[in-house]
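Trainee:
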Amino acid sequence: MVREFSFHYDNAYTDQTRWHTMLCQLQFPQLVSVWFWEKDHEHKLNTEDVILHYTKSNLRQLSVDTCGPLSEDFFDEMAGLCLRLDSLLLHLSKITASSSSVVRMLKRMPNIRSLGLEKGFGDVFSSEMFRVIASYPALDQAVLPYVQDNCLLALQTDADIRFFPKLKYLYTGATAESLRVYHRVAPGINVLGLTNDKLERADNVLTSASRFRELTSFTAQLNMSTAIGGDELIQLAQGCPNLEEIKIGIDSWSDIKPSATGMTDDLIEQLAPRLSNLRVLYLLFESVSQRGPGCIHTIRTLGYNCERLQEVVLSCEPDWSLIGSLSKGEGVPLAANLEQLQLLPHDHMMQNMTKEEHRNLLDVWRHNAKDWLPQVCFMEIRGADDWEEAFVDVICPMNEEEEAVEDEEAVEDEDAASVVDEADDAGVATMFNQFTLREG
Numbered sequence: 010m011v012r013e014f015s016f017h018y019d020n021a022y023t024d025q026t027r028w029h030t031m032l033c034q035l036q037f038p039q040l041v042s043v044w045f046w047e048k049d050h051e052h053k054l055n056t057e058d059v060i061l062h063y064t065k066s067n068l069r070q071l072s073v074d075t076c077g078p079l080s081e082d083f084f085d086e087m088a089g090l091c092l093r094l095d096s097l098l099l100h101l102s103k104i105t106a107s108s109s110s111v112v113r114m115l116k117r118m119p120n121i122r123s124l125g126l127e128k129g130f131g132d133v134f135s136s137e138m139f140r141v142i143a144s145y146p147a148l149d150q151a152v153l154p155y156v157q158d159n160c161l162l163a164l165q166t167d168a169d170i171r172f173f174p175k176l177k178y179l180y181t182g183a184t185a186e187s188l189r190v191y192h193r194v195a196p197g198i199n200v201l202g203l204t205n206d207k208l209e210r211a212d213n214v215l216t217s218a219s220r221f222r223e224l225t226s227f228t229a230q231l232n233m234s235t236a237i238g239g240d241e242l243i244q245l246a247q248g249c250p251n252l253e254e255i256k257i258g259i260d261s262w263s264d265i266k267p268s269a270t271g272m273t274d275d276l277i278e279q280l281a282p283r284l285s286n287l288r289v290l291y292l293l294f295e296s297v298s299q300r301g302p303g304c305i306h307t308i309r310t311l312g313y314n315c316e317r318l319q320e321v322v323l324s325c326e327p328d329w330s331l332i333g334s335l336s337k338g339e340g341v342p343l344a345a346n347l348e349q350l351q352l353l354p355h356d357h358m359m360q361n362m363t364k365e366e367h368r369n370l371l372d373v374w375r376h377n378a379k380d381w382l383p384q385v386c387f388m389e390i391r392g393a394d395d396w397e398e399a400f401v402d403v404i405c406p407m408n409e410e411e412e413a414v415e416d417e418e419a420v421e422d423e424d425a426a427s428v429v430d431e432a433d434d435a436g437v438a439t440m441f442n443q444f445t446l447r448e449g
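Reading the sequence shown from the start, the letters are residues 10 to 449 in the working numbering.
1. From Ile308 to Ile265, what distance separates their C-alpha atoms?
2. Going by CA-CA distance only, name the one from Ala378, Arg317, Leu370 that's closest to Val341.
3. Where Pro78 and Pro406 are concerned, what is the direct C-alpha to C-alpha distance, given to the nearest angstrom?
4. Helix, strand or coil for Asp422 per DSSP?
5. Determine the direct distance from the alpha carbon of Arg117 to that of Pro38, and round the result to whole angstroms.
6. Got a sec? Which residues, its chain only, sit under 7 Å from Ile259 by beta carbon, not counting five neighbours each side?
7. Give me the Cα-Cα distance between Met358 and Cys325, rounded to the nearest whole angstrom.
8. For Lys128, list the residues DSSP reports as bridge partners.
9. For Ser108 versus Ser135, is the C-beta spacing smaller than 7 Å?
10. Can you list the beta strand (DSSP E) stretches of 3 or more residues lying completely in the segment 126-190, in chain order?
11. Return helix, strand or coil for Val200, following the three-state DSSP convention.
12. Could you say if the segment 349-356 and the segment 317-324 meet the contact criterion of at least three C-beta pairs nearer than 8 Å?
13. Counting along the chain, where does the alpha helix (DSSP H) carrying Trp374 start and finish?
14. Keeping to the same chain, check which residues put their C-beta closer than 6 Å to that of Tyr178; ignore five residues upstream and five downstream.
15. Pick from Leu203, Asp74, Ile142, Asn314: whose alpha carbon is nearest that of Leu99?
16. Between Arg140 and the ligand SAH, is the CB less than 6 Å from at least one heavy atom?
17. So, Met138 versus Val112, is the Cβ gap smaller than 7 Å?
18. Kindly indicate which residue of Asp356, Leu370, Met362 has the alpha-carbon position closest to the one of Gly392.
19. If contacts are defined as beta-carbon pairs under 8 Å, then Ser217 and Phe172 qualify, I think. What distance do you get, rounded to the angstrom?
20. For Glu13, name the three-state secondary structure that DSSP assigns.
21. Determine contact between the segment 204-214 and the segment 242-254, defined as no fewer than three beta-carbon pairs at a distance below 8 Å.
22. Going by other Cβ atoms of all chains shown within 10 Å of its Cβ, with 16 needed for buried, is Leu31 buried or exposed?
23. What span of residues does the beta strand (DSSP E) with Gly238 cover, start to end?
24. Classify Arg12: buried if its beta carbon has 16 or more other beta carbons within 10 angstroms, exposed otherwise.
Written as structure tokens, this is what we have:
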């Protein structure tokens, strides 16, 4: 009896949505979980009729990462099918329905614990929709579009209803004022993610986020129109002593970064002692005044103060000359548990030292790097010049044996894809995969 479906590319890169035609001729009355993963062209195959075919009254979890446009009829039909849903993710590029039809559906979902309404919902999101969501008694996780400040402020006028009584995870676009209201109605949030990359200005959001005393994770995607200061980071660390994860900028490959002032070595020295629980730090920004923090200085300072630190992604300045002053030959780590290190320097080695200086520092690095960074399994310097590549190769060499393994795996993938293509006509059992909710 089939209870779970997950449509995605399997290990052999087979597009499983090709089986919709066959499966839509069958019935699956006991389905409890269905996931449509995001792929380049699956929106053409994941139509609203297909989604409704798998949406039965027993369904508990429905996640749609990509699909065709959803109409009024879809949401009206869903209103009668989702009474038992406790998890709903709709990540849609286009909605042709009205806000009122979405509201009707949301009102029929009293058991929702996890809700994600992304992308296209920003065009139809309304104060009534937000009020329904805020009233869910069991809502634990919410991924929402940007909510206008006036919609949030309206919640405070009704003292008879407790909004967001169990909310712990919130991902949304928000201004500083928005966060102050969220704090008043849901002060116990543990995980806060800001998707502010499309907001024109969102200054002081770190200061407002510092009100959430129970935060363990804070992420923020901010653009250049938003300015952050080093003093705001200090406030965040002081206000949220249990922080394990800070991500200012969530994608090291993205050009979307905030402008920043006060991101200096002195800031890192003040910040690190306040983050004793820190495991992950992303600090991505475009400096508009002073030089940013030095990469070696930052690693050394964080490693000394944040013993649990495992991952660092950092906009920085190249201060490689500090290597010459580090303890050598003593086996003393700079960061004992650091596993991943990505550096985005504003300029590079060849611009800051002579060949002889590079040769001497590289020699010191070769003799000590594995002691200084004993657990690092991934290191990258974005836009690295040849001299920097030599430093990276000491930590993460790409030798001939590793290249051979990669080539062998590529051949195995091609063979597997061929086998799966031949087996498609024999049945669809391979697609009955264990459904797993993504974190956040």
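All C-beta atoms, glycine included, are put in the ideal place defined by N, C-alpha and C.
All of these numbers come straight from a predicted model, not from anything done at the bench.
Mentor: Short version:
1. The sequence position of residue 308 within the sequence shown is 299, counting from 1. The sequence position of residue 265 within the sequence shown is 256, counting from 1. Cα to Cα, the separation comes out at about 24 Å.
2. Stepping through the sequence shown from its first residue, residue 341 is reached at position 332. Shortest Cα-Cα distance from Val341 to any of Ala378, Arg317, Leu370 involves Ala378.
3. In the sequence shown, the residue the question calls residue 78 occupies position 69. In the sequence shown, the residue the question calls residue 406 occupies position 397. A straight-line Cα-Cα distance of about 47 Å links Pro78 and Pro406.
4. In the sequence shown, counting from the first residue as 1, residue 422 sits at position 413. Low per-residue confidence applies at Asp422: pLDDT is 47, beneath 50, and the placement is therefore not dependable enough to give any value.
5. Against the sequence shown, residue 38 aligns to sequence position 29. Against the sequence shown, residue 117 aligns to sequence position 108. C-alpha separation (whole angstroms): 20 Å.
6. Your numbering for residue 259 matches position 250 in the sequence shown. In chain order, Thr228, Gln230, Tyr291 place their CB closer than 7 Å to the CB of Ile259, counting only its own chain and leaving out the 5 sequence neighbours on each side.
7. The residue given as residue 358 occupies position 349 in the sequence shown. The residue given as residue 325 occupies position 316 in the sequence shown. Within the model, the alpha-carbon separation for Met358 versus Cys325 is close to 13 Å.
8. Residue 128 sits at position 119 when you count from the first residue of the sequence shown. In DSSP, Lys128 forms a bridge with Leu101.
9. Your numbering for residue 108 matches position 99 in the sequence shown. Your numbering for residue 135 matches position 126 in the sequence shown. Closer than 7 Å, so yes.
10. Counting only runs of 3 or more, we get 150-152, 178-181.
11. Position 191 of the sequence shown, counted from the start, is the residue given in the question as residue 200. Of the three classes helix, strand and coil, the one that applies to Val200 here is strand, per DSSP.
12. The segment 349-356, when compared against the segment 317-324, does touch it at the 8 Å Cβ threshold.
13. The residue you call residue 374 lines up with position 365 of the sequence shown. Membership of Trp374 in the alpha helix (DSSP H) is indicated by the continuous run 364-381.
14. Walking along the sequence shown from the start, residue 178 turns up at place 169. Excluding sequence neighbours, Tyr178 sits near Gln150, Val200.
15. As a first step, residue 99 is located in the sequence shown; it is residue number 90 there, counting from the start. Selected option, being the one with the closest Cα: Asp74.
16. For the structure depicted, the ligand SAH is absent and the ligand set is empty, with no information on it obtainable.
17. Mapped onto the sequence shown, residue 138 falls at position 129. Mapped onto the sequence shown, residue 112 falls at position 103. The beta carbons of Met138 and Val112 sit closer together than 7 Å.
18. Against the sequence shown, residue 392 aligns to sequence position 383. When Asp356, Leu370, Met362 are compared, the shortest CA-CA separation from Gly392 is found for Asp356.
19. In the sequence shown, residue 217 corresponds to position 208, counting from 1. In the sequence shown, residue 172 corresponds to position 163, counting from 1. Here Ser217 is actually not in contact with Phe172; their C-beta atoms are around 18 Å apart, not less than 8 Å.
20. Position 4 of the sequence shown, counting from 1, holds the residue named residue 13. Under the three-state reduction of DSSP output, Glu13 falls in the strand class.
21. Touching, no.
22. For the purposes of this step, residue 31 is taken as residue 22 along the sequence shown, with counting starting at 1. For the sequence presented, residue 31 should be read as Met rather than Leu. For Met31, the number of other beta carbons within 10 angstroms of its own is below 16, and it is reported as exposed.
23. Residue 238 sits at position 229 when you count from the first residue of the sequence shown. For Gly238, the enclosing beta strand (DSSP E) begins and ends at 236-238.
24. Walking along the sequence shown from the start, residue 12 turns up at place 3. That one is exposed.
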